[in-house]
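**Q** Input: one structure, supplied below.
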Amino acid sequence: MRHAKVPPTPTRLLAALIALGITACASAPPTPPTPTPVSLEERWGVQVVGIRLSAAGHMLDFRYRVVDPLKAAPIFVRKTKPYLIDVASGAKLAVPVPPKTGPLRSSNTPIAGRTYFMFFGNAGKLVKPGNQVTVVVGDFRAEKLTVE
Numbered sequence: 682m683r684h685a686k687v688p689p690t691p692t693r694l695l696a697a698l699i700a701l702g703i704t705a706c707a708s709a710p711p712t713p714p715t716p717t718p719v720s721l722e723e724r725w726g727v728q729v730v731g732i733r734l735s736a737a738g739h740m741l742d743f744r745y746r747v748v749d750p751l752k753a754a755p756i757f758v759r760k761t762k763p764y765l766i767d768v769a770s771g772a773k774l775a776v777p778v779p780p781k782t783g784p785l786r787s788s789n790t791p792i793a794g795r796t797y798f799m800f801f802g803n804a805g806k807l808v809k810p811g812n813q814v815t816v817v818v819g820d821f822r823a824e825k826l827t828v829e
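With the sequence shown counted from 1, adding 681 to any position gets you our numbering.
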């Protein structure tokens, strides 16, 4: 004996969709909203341009562009000693301070749209291309930067 096929009606389709929707909502636990990290541009008024090996691998050249000079001002304070952390080894690398030139970093008043630099010593060529590093200047932290 064959059963006759009943054509779907709009009411039946709507009931099926509502049942599916209720089931889907009830089966998944609510997830709390994930807080989005504040970008360096929003917090510090700078954009990271990049970090590259320089001087035959004996130095790291960190470049950043100032977007908001007021927010970026703490990065330029001369008394604040910047350093770089190699994520893999935990090694801290400092900005060299040659006697004639002083620290190899920008410390003038920041200007919007201008790109600035910091050089970090890389004794023994510890940091290599592809390594992840963090640049720290006071409370400023540019984390998980990949060395080019």
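Just so you know, even glycine gets a beta-carbon here, dropped at the ideal spot from N, CA and C. Fair warning: this is a prediction, and the values are worked out from it, not measured in the lab.
1) Reducing DSSP to helix, strand and coil, say where Thr715 ends up.
2) Please report how far the alpha carbon of Tyr764 lies from the alpha carbon of Leu741, in whole angstroms.
3) Inspect the beta-carbon positions of Val792 and Pro750 and report whether they are closer than 8 Å.
4) Cβ of Ala772 within 7 Å of any heavy atom in the ligand MG?
5) Applying the criterion that 16 or more other CB atoms from any shown protein chain within 10 Å of the CB defines a buried residue, is Asp767 buried or exposed?
6) Does the Cβ of Ala753 have 16 or more other Cβ atoms within 10 Å, making it buried, or fewer, making it exposed?
7) To the nearest angstrom, how far is it from the Cα of His739 to the Cα of Glu723?
8) So Leu734 packs on Pro810, CB below 8 Å; how close in whole Å?
**A** Let me lay it out:
1) Residue confidence is low: Thr715 scores 46 on pLDDT, short of 50, so the model does not pin down where it sits. Its coordinate-derived value is still stated next. In the three-state reduction of the DSSP assignment, Thr715 falls in the coil class.
2) Cα to Cα, the separation comes out at about 11 Å.
3) For the sequence presented, residue 792 should be read as Ile rather than Val. In contact: Ile792 and Pro750 (Cβ atoms closer than 8 Å).
4) No copy of the ligand MG occurs in the structure displayed, which carries no ligand at all.
5) Residue environment for Asp767: buried (at least 16 other C-beta atoms within 10 angstroms of its C-beta).
6) Label assigned to Ala753: buried.
7) Roughly 32 Å separates the two Cα atoms.
8) The C-beta distance from Leu734 to Pro810 rounds to 6 Å, short enough to meet the 8 Å contact threshold.
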